[in-house]
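For reference, the structure is listed below as structure tokens.
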Amino acid sequence: MADLVREAGLRPGDFYQHFSSKDELKVLAVASAAEHALAHWQAIIAQHPAQPLAGWLDAYLSLEHRDDPGSGCPLAALAGDAAHERAAVKGAMGAVARLLFAQLAALGPAADERLQRRRAAATLAGMVGALMLSRAIPDDEFSAEVLHAVRESLTDPGSGRGVPP
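The working numbering applies: residue 3 is where the sequence shown begins, and numbers increase by one.
Here it is in structure tokens:
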């Protein structure tokens, strides 16, 4: 925290003039990152009107996203740490997950809401998990293979490789 305060050009005591706690700063940071990420993913979806999910998966499960955690999805960047945070920070991360979940659910066919929600949950978990795992793997080739395999599986759930109905 001292490094962050110093990099912001503040003195240590100045922090609490702007934020009531570290948790408040974390919640605001998560919300800001989520806003940026959601706008980015919505733009990706708009660029692929015929296959919006495939476009999103291609961008999300890419080497570029893997290699740039600071400007990518806050869930993949912070979920491991958020599990050990207080309720406010977990709540902020939960809000991000719900936003992405809703976006994914809206991309599915509307015929069966239960199946649509189930696929959205599995897709979100697959996306975030694959990206987190790929970032933790030091072998670049294997890391890329994980991203590719999950992207392929989630792009074509009817193939038998994806989420079962």
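Beta carbons are placed, not taken as given, at the ideal position from N, Cα and C, and that holds for glycine.
**OP:** Could you tell me the distance, in whole angstroms, from the CA atom of Ile-47 to the CA atom of Trp-58?
**Re:** Translated into positions along the sequence shown, residue 47 becomes position 45. Translated into positions along the sequence shown, residue 58 becomes position 56. Between the C-alpha atoms of Ile-47 and Trp-58 there is a straight-line separation of about 6 Å.
**OP:** Leaving aside the five residues before and after Val-130 along the sequence, list all residues of the same chain whose C-beta is less than 6 Å from its C-beta, in chain order.
**Re:** Numbered from 1 along the sequence shown, position 128 holds the residue referred to as residue 130. Closer than 6 Å at Cβ, skipping near neighbours: Leu-77 and Ala-78.
Original post:
For Val-29, which residues from the same chain have a beta carbon less than 8 Å from its beta carbon, with the 5 sequence-adjacent residues on both sides left out?
Top reply: For the purposes of this step, residue 29 is taken as the residue at position 27 of the sequence shown. These residues qualify, in order along the chain: Ala-90, Val-91, Gly-93 and Ala-94.
Original post:
How many angstroms separate the CA atom of Ser-22 from the CA atom of Asp-158?
Top reply: As a first step, residue 22 must be located in the sequence shown, where it is residue number 20. As a first step, residue 158 must be located in the sequence shown, where it is residue number 156. Cα-Cα distance, rounded: 47 Å.
Original post:
Under a three-way DSSP split, which group does Arg-8 fall into?
Top reply: As a first step, residue 8 must be located in the sequence shown, where it is residue number 6. In the structure shown, Arg-8 sits in a helix (DSSP, three-state: H, G or I).
Original post:
Counting along the chain, where does the alpha helix (DSSP H) carrying Gly-128 start and finish?
Top reply: The residue you call residue 128 lines up with position 126 of the sequence shown. Bounds of the alpha helix (DSSP H) holding Gly-128 are 115 to 138.
Original post:
For His-67, is the classification buried or exposed, using 16 other Cβ atoms within 10 angstroms of its Cβ as the cut-off for buried?
Top reply: Within the sequence shown, the letter at position 65 stands for residue 67. Burial of His-67 is indicated by the presence of at least 16 other C-beta atoms within 10 angstroms of its C-beta.
**OP:** Let me know the secondary structure DSSP gives Leu-63 once reduced to three states.
**Re:** Taking the sequence shown and counting its residues from 1, the one referred to as residue 63 is at position 61. Here DSSP, grouped into helix, strand and coil, assigns Leu-63 to coil.
**OP:** Return the Cβ separation of Pro-152 and Val-98 in integer angstroms, given the expectation that the two are a contact with Cβ distance under 8 Å.
**Re:** Position 150 of the sequence shown, counting from 1, holds the residue named residue 152. Position 96 of the sequence shown, counting from 1, holds the residue named residue 98. First, the residue type needs correcting, since residue 152 is Val and not Pro in the sequence shown. Your pair Val-152 and Val-98 does not check out as a contact, with CB atoms roughly 20 Å apart and the cut at 8 Å.
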